[in-house]
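So the sequence shown is numbered by full-length UniProt numbering: it starts at 1 and just counts up by one.
Ideal Cβ positions, reconstructed from N, Cα and C, are used throughout, including at glycine.
It should be emphasised that the depicted structure is a prediction, and the values quoted were computed from it without experimental measurement.
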Amino acid sequence: MFNDNDLPAPIIEGYNGSKLYNHGKTEFCVEIPHYEYAHSGDQICFYVNEIPIGDCFNLDKVEDLGTPCIYKLPFSIFFPINVSCSFSYTVQAQGQNEPRYSATLIVTYTGKSEGSLFKAPTIYSSFGYDNDQNIIEPHPPVCGGENGRNVIDCHAISNYKEHNNQAGLYLVVKGGNHTVDGVPFGNNVEAFACIESSCHTLANPYSLGTQMMLPDANNPSHGSLVYHLSHRALLGFKSHGECVSDNGFRFAYGKANFWYEVNGKYFKSDVWKGRIFTCGTDPKYGINTNTVCTNPNYRPCYNCPE
Numbered sequence: 001m002f003n004d005n006d007l008p009a010p011i012i013e014g015y016n017g018s019k020l021y022n023h024g025k026t027e028f029c030v031e032i033p034h035y036e037y038a039h040s041g042d043q044i045c046f047y048v049n050e051i052p053i054g055d056c057f058n059l060d061k062v063e064d065l066g067t068p069c070i071y072k073l074p075f076s077i078f079f080p081i082n083v084s085c086s087f088s089y090t091v092q093a094q095g096q097n098e099p100r101y102s103a104t105l106i107v108t109y110t111g112k113s114e115g116s117l118f119k120a121p122t123i124y125s126s127f128g129y130d131n132d133q134n135i136i137e138p139h140p141p142v143c144g145g146e147n148g149r150n151v152i153d154c155h156a157i158s159n160y161k162e163h164n165n166q167a168g169l170y171l172v173v174k175g176g177n178h179t180v181d182g183v184p185f186g187n188n189v190e191a192f193a194c195i196e197s198s199c200h201t202l203a204n205p206y207s208l209g210t211q212m213m214l215p216d217a218n219n220p221s222h223g224s225l226v227y228h229l230s231h232r233a234l235l236g237f238k239s240h241g242e243c244v245s246d247n248g249f250r251f252a253y254g255k256a257n258f259w260y261e262v263n264g265k266y267f268k269s270d271v272w273k274g275r276i277f278t279c280g281t282d283p284k285y286g287i288n289t290n291t292v293c294t295n296p297n298y299r300p301c302y303n304c305p306e
């Protein structure tokens, strides 16, 4: 639809080209840069993904071009949230048959009031945090798409016996004074977990402890902190639902969230959000994890196999 984009892209006040936050407001300010042959009375129309968003605006004064808040628009034009979309405008001059089109601005609206300074932690299985093959990827708690690396399951936590701390999972936070999203050296970092399912819930939030971010001995420009969650704390998570295991066991995933806070809750990281199913289906695996799972319509949840 849009071609010959000879006008500059719109500018959103406070938008850095990454993600858009609302800062507690319902509207945002738009700047239209100066363009050639501008006249008072030009009609300016805005578009999201080349679809008009509503009423157009008239340019009152050419001098208004280049000012930070020539028009205000609602954040709701960018729904659904966390989806990249194109934002643009057209200018229709009086007496002209064809509008002029702007370049597009790519916008991802978060629906949040403010962004996190720090990225989410990295989660590793019990097989160790020194190998990227052991990284567990975030994933919504829905059925399907399992690839061996996007579910916290019995296998992921099974190597705990090889560790003195009985770790079922590891949480790693990156740091450095000159790294993007890294926690600066000298700051205290407390890591947290929240795991919820029909059968079992880990306290919300559950603290994994506090450590100070310091330079690595072998790479002083970077740092990392390692926390662990014990195998025992990760047992017995399942919900009731329509996922089906290989042996016909019907279940649903629980929700697992991990994050960290810097300097006593002053700054909070993005949240790692994943899915968990740590339930055995055979009584030989041990004692029923939780009696609420003995719903007559569902088989009980037992400890993971040893």
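- Remark: C-beta atoms of Leu208 and Leu171 approach each other more closely than 8 Å.
- Assignment of beta-bridge partners to Asn257 by DSSP yields Cys194, Lys273.
- Segment contact: the region 159-166 against the region 254-267, fewer than three CB-CB distances shorter than 8 Å; contact not assigned.
- When C-alpha distances from Ile106 are compared across Cys29, Leu20, Phe118, Ile70, the shortest belongs to Leu20.
- Restricted to the region 49-107, the beta strand (DSSP E) segments that are unbroken, complete and at least 3 residues in length are 71-74, 84-92, 100-102, listed in chain order.
- The three-state reading of DSSP puts Ser207 in strand, counting E and B together.
- For Tyr253 against Arg275, the beta-carbon gap comes to about 4 Å, under 8 Å, which counts as contact.
- Runs of the alpha helix (DSSP H) lying entirely within the region 209-235 and spanning at least 4 residues: none are present.
- For Phe28, the enclosing beta strand (DSSP E) covers residues 27-31.
- CA-CA distance, Glu36 to Pro10, rounds to 15 Å.
- Between the C-alpha atoms of Gly248 and Asn257 there is a straight-line separation of about 28 Å.
- In the structure shown, Ser239 adopts extended strand secondary structure according to DSSP, grouped into three states.
- Straight across, the Cα-Cα distance linking Lys273 with Lys112 is about 16 Å.
- For Cys279 and His240, the gap between their C-alpha atoms comes out near 12 Å.
- Residue burial is scored here from C-beta neighbours: Gly54 has fewer than 16 other C-beta atoms within 10 angstroms and is therefore classed as exposed.
- For Phe251, the enclosing beta strand (DSSP E) has its first and last residue at 250-252.
- Excluding five sequence positions before and after Arg100, the CB atoms of its chain that fall closer than 7 Å to its own CB belong to Asp6, Leu7, Thr90, Val91, given in chain order.
- The region 177-195 makes contact with the region 217-230, as at least three CB pairs between them are under 8 Å.
- When the beta-carbon positions are compared, Asp270 and Ala120 come within less than 8 Å of each other.
- If you check the CB distance, Val30 and Ile77 do not come in under 8 Å.
- Within the same chain, Arg149, Asn150 come within 6 Å of Glu137 by CB-CB distance, once the 5 residues on both sides are set aside.
- For Gln43, the closest alpha carbon among the candidates Leu59, Phe28, Gly24 is that of Leu59.
- Assignment of beta-bridge partners to Cys45 by DSSP yields Thr90.
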